[in-house]
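Notes for the one structure printed next.
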Amino acid sequence: MTVHGGTETPLPWLRNCWVLFSRARMAGRLPHALLITGLPGVGKRHLVASMARSLLCAQPDEHGLACGHCRECGLLRAGTHPDFLEIGPDAESKSNEIRVDAIRGLARSDSLTAHRGGHKVVVLDPAQNMNASAANSLLKTLEEPSPETLLLLVCEQPGRLPATVRSRCQELKVPVPSESEALEWLRRHTDFEDVQTLLRLAHGAPLKALAFAKDGRLSQRALAFAGFTEVTGGIRDPIAEAAAWNEYEPTILLEWLSGWISDLLRLASGHPAPALINPDKVEDLRNMARDLDPTAGHRYLQQVLDARASQPSAANRLLLYESLLVRWVRMSRLRTPNPG
Ligand SMILES: [Zn+2]
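My numbering applies: residue 1 is where the sequence shown begins, and numbers increase by one.
Structure, rendered in structure tokens:
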């Protein structure tokens, strides 16, 4: 996270969260630890950065937003504010864990005391990456909070935090905005034409959708989907397609696949106007859904979701894709009358 000072324009769908935070602050009711949760791409880090700037600024405006030009804002922008601390995974470590040493440093009393007389802000991100001893160490800090310190825990999977840590934080859920609000915002930030597909693929999270528009991922998805369609139609070898899939980022690929199967099931359910994750592919999906057996389809979707949750290692991925595609072809053959 980069905490720049500067004139603030909060993301429109974060306004309610901001008002809650500002009111609590004005009333002197800020907790010692806030757990900021929400889907990837809804703006948790934007919100946390605004909070940090606001708490450290010497003269926030009437909305509680940082002024951007006082000395405190300048120090923060330069990355040298002594009362701002960010804790994340050890850059050297492959495990991506937040380790106990990082938290122990925090527990030392001097690091919890504000040097410049205002608040002390500590951001822990991503909080679910704390290993067990780091979480234990944090618990001690949470049990003996220092009055001027606010801990901001950013977390996409709060279920992975120990209950003891969660129960000592106040949770602030960053919502997914309404589709119309998100689309309006996206249209102002990208020239990409089909913003609705971007947004659906991002499960409604606008920042994730915007990232998709920028990183060329939609053309990869188009290729993978074309391959999937051809495999389903029996004109492409599933083993060859599995090798092509192995070139993509696995969590993304399995997310696409689960999205296609979910849409096929929605279309097969006979609902007149199902809300699809892939509205741009509706014609191809409708063709494939025509004789999908819903029971087998649901079982297959579960297998894809299990595969995604298991985070397959590089060594197992190709085998996994082969097995998923071969199973899919078998299902397709079963439902085709008079095969070959
Ligand atoms: Zn300021």
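Quick reminder that beta carbons are idealized off the backbone N, C-alpha and C, glycines included.
Exercise for the section: Please go through the same chain and pick out, in chain order, the residues whose beta-carbon is closer than 7 Å to the beta-carbon of Leu325, but skip the five residues on each side of it. Expected result: As a working mapping, residue 325 is identified with position 325 in the sequence shown. So the list reads Val231, Pro238, Glu241, Ala242, once near-sequence residues are dropped.
Exercise for the section: For ligand 1, list every residue whose C-beta falls under 7 Å from any of its heavy atoms, going in chain order. Expected result: Going by the Cβ distance cut-off, the answer is Gly5, Cys57, Ala58, Gln59, Pro60, Ala66, Cys67, Gly68, His69, Cys70, Glu72, Cys73.
Exercise for the section: Output the distance between the C-alpha atoms of Ala33 and Ser133, rounded to the nearest integer angstrom. Expected result: The count along the sequence shown starts at 1 and reaches residue 33 at position 33. The count along the sequence shown starts at 1 and reaches residue 133 at position 133. Distance between the alpha carbons of Ala33 and Ser133 is about 19 Å.
Practice task
Give the straight-line distance between the Cα atoms of Val19 and Leu47, rounded to the nearest whole angstrom.
Solution key: Here residue 19 is taken as the residue at index 19 of the sequence shown, counted from 1. Here residue 47 is taken as the residue at index 47 of the sequence shown, counted from 1. Roughly 11 Å separates the two Cα atoms.
Problem - Nearest neighbour of Ser54, chosen from Gly41, Leu39, Leu76, Pro40 [CA to CA] - result: As a first step, residue 54 is located in the sequence shown; it is residue number 54 there, counting from the start. The shortest Cα separation from Ser54 among Gly41, Leu39, Leu76, Pro40 belongs to Leu76.
Practice task
Flag this pair as yes or no: are the beta carbons of Pro206 and Trp13 separated by less than 9 Å?
Solution key: Position 206 of the sequence shown, counting from 1, holds the residue named residue 206. Position 13 of the sequence shown, counting from 1, holds the residue named residue 13. Cβ distance < 9 Å, so Pro206 and Trp13 count as in contact.
Exercise for the section: Measure the beta-carbon distance from Leu138 to Ile103 and round it to whole angstroms, keeping in mind my assumption that it falls under 8 Å. Expected result: If you number the sequence shown from 1, residue 138 lands on position 138. If you number the sequence shown from 1, residue 103 lands on position 103. Right, their Cβ atoms sit about 5 Å apart.
Exercise for the section: Just mark Arg297 as buried or exposed, buried being the case when its beta carbon has 16 or more other beta carbons within 10 Å. Expected result: As a first step, residue 297 must be located in the sequence shown, where it is residue number 297. In the sequence under discussion, the amino acid at residue 297 is Gly, which differs from the Arg named in the question. Under this definition Gly297 is a buried residue.
Handout entry: For Gln170, the residue or residues it bridges with in DSSP
Key = Position 170 of the sequence shown, counted from the start, is the residue given in the question as residue 170. The partner list for Gln170 (beta bridge, DSSP) reads Leu34.
Practice task
For the alpha helix (DSSP H) containing Phe228, list its first residue and its last residue.
Solution key: Taking the sequence shown and counting its residues from 1, the one referred to as residue 228 is at position 228. From DSSP, the alpha helix (DSSP H) with Phe228 extends over 217 to 232.
Practice task
Work out the CA separation of Ala314 and Val195 for me, nearest whole Å.
Solution key: Sequence index remark: in the sequence shown, residue 195 carries index 195 (1-based). Sequence index remark: in the sequence shown, residue 314 carries index 314 (1-based). Taking the straight line joining both Cα atoms gives about 32 Å.
Exercise for the section: Please state whether DSSP places Asn338 in a helix, a strand or coil. Expected result: The sequence position of residue 338 within the sequence shown is 338, counting from 1. Residue placement at Asn338 is flagged as unreliable, the pLDDT there being 47, under the threshold of 50; the coordinate-derived value follows with that caveat. Note: Asn338 maps to coil in three-state DSSP.
Exercise for the section: Any chance you could list the alpha helix (DSSP H) runs of at least 4 consecutive residues sitting entirely within the stretch 248 to 298, in chain order? Expected result: 250 to 268, 282 to 289
Problem - Nearest-angstrom Cα separation, counted from His271 out to Glu144 - result: To locate residue 144, count along the sequence shown from 1; it is residue 144. To locate residue 271, count along the sequence shown from 1; it is residue 271. Going by the C-alpha atoms only, they are around 55 Å apart.
Exercise for the section: Starting from the Cα of Leu318, find the closest Cα among Val154, Glu249, Val282 and give me that residue. Expected result: Looking up residue 318 in the sequence shown gives position 318. Measuring from the Cα of Leu318, the nearest candidate turns out to be Glu249.
Problem - Beta-carbon gap between Leu292 and Ser258 smaller than 9 Å - result: Taking the sequence shown and counting its residues from 1, the one referred to as residue 292 is at position 292. Taking the sequence shown and counting its residues from 1, the one referred to as residue 258 is at position 258. No.
Handout entry: Three-pair Cβ contact test at 8 Å for the stretch 185 to 195 versus the stretch 25 to 32
Key = no
Handout entry: Cutoff 6 Å; reference Glu72; Cβ partners in own chain excluding five residues on either side
Key = Numbered from its first residue, the sequence shown carries residue 72 at position 72. Contacts found: Leu56, Cys57, Ala58.
Practice task
Alpha carbon to alpha carbon, how far is Pro31 from Glu62? Give it in angstroms, no decimals.
Solution key: By one-based count along the sequence shown, residue 62 stands at place 62. By one-based count along the sequence shown, residue 31 stands at place 31. Taking the straight line joining both Cα atoms gives about 21 Å.
Practice task
Please report the Cβ distance between Val123 and Ala52, rounded to the nearest whole angstrom; I am assuming they are in contact, meaning their Cβ atoms lie under 8 Å.
Solution key: Mapped onto the sequence shown, residue 123 falls at position 123. Mapped onto the sequence shown, residue 52 falls at position 52. Yes, they are in contact, since the Cβ atoms of Val123 and Ala52 sit about 7 Å apart, within 8 Å.
Problem - Ser93 versus Leu218: straight-line alpha-carbon distance, rounded - result: Locating residue 93 in the sequence shown gives position 93, where the first residue counts as 1. Locating residue 218 in the sequence shown gives position 218, where the first residue counts as 1. In a straight line, the C-alpha of Ser93 is about 32 Å away from that of Leu218.
Handout entry: Distance between Ala202 and Arg247 (C-alpha atoms, nearest Å)
Key = Locating residue 247 in the sequence shown gives position 247, where the first residue counts as 1. Locating residue 202 in the sequence shown gives position 202, where the first residue counts as 1. Checking the sequence, you will find Glu at residue 247 rather than Arg. Looking at the two C-alpha atoms, the distance is approximately 21 Å.
Exercise for the section: Count the CB pairs spanning the stretch 167 to 176 and the stretch 184 to 191 that are closer than 8 Å, and state whether there are at least three. Expected result: With the cut-off at 8 Å, the stretch 167 to 176 and the stretch 184 to 191 do not touch.
Practice task
Quick one: residues in its chain with C-beta nearer than 8 Å to the C-beta of His115, no 5 flanking neighbours on either side, listed in chain order?
Solution key: Within the sequence shown, the letter at position 115 stands for residue 115. So the qualifying residues of the chain are Pro82, Asp83.
Handout entry: Straight-line gap, Trp260 to Arg15 (C-alpha atoms, nearest Å)
Key = The residue you call residue 260 lines up with position 260 of the sequence shown. The residue you call residue 15 lines up with position 15 of the sequence shown. If I take the Cα positions, the gap works out to 34 Å.
Exercise for the section: Determine the DSSP secondary structure at Ile239, reduced to helix, strand or coil. Expected result: If you number the sequence shown from 1, residue 239 lands on position 239. If DSSP states are grouped into helix, strand and coil, Ile239 belongs with the helices.
Practice task
Assign Thr149 to one of three DSSP states: helix, strand, or coil.
Solution key: As a position in the sequence shown, residue 149 is number 149, starting the count at 1. Thr149: strand per DSSP, three-state reduction.
Problem - Distance, Trp256 Cα to Gly204 Cα - result: Working through the sequence shown from its first residue, we reach residue 204 at position 204. Working through the sequence shown from its first residue, we reach residue 256 at position 256. Approximately 15 Å between the Cα atoms of the pair.
Handout entry: Alpha-carbon spacing of Gly340 relative to Arg290, whole angstroms
Key = Counting from 1 along the sequence shown, the entry for residue 340 is found at position 340. Counting from 1 along the sequence shown, the entry for residue 290 is found at position 290. Reliability of the predicted coordinates at Gly340 is poor, the pLDDT of 41 falling under 50, and the value obtained from them is presented with this limitation in mind. Rounded to the nearest angstrom, the two C-alpha atoms are 19 Å apart.
Handout entry: Beta bridge counterpart(s) of Ile98 as assigned by DSSP
Key = Against the sequence shown, residue 98 aligns to sequence position 98. According to DSSP, which records beta bridges pairwise, Ile98 is partnered with Met130.
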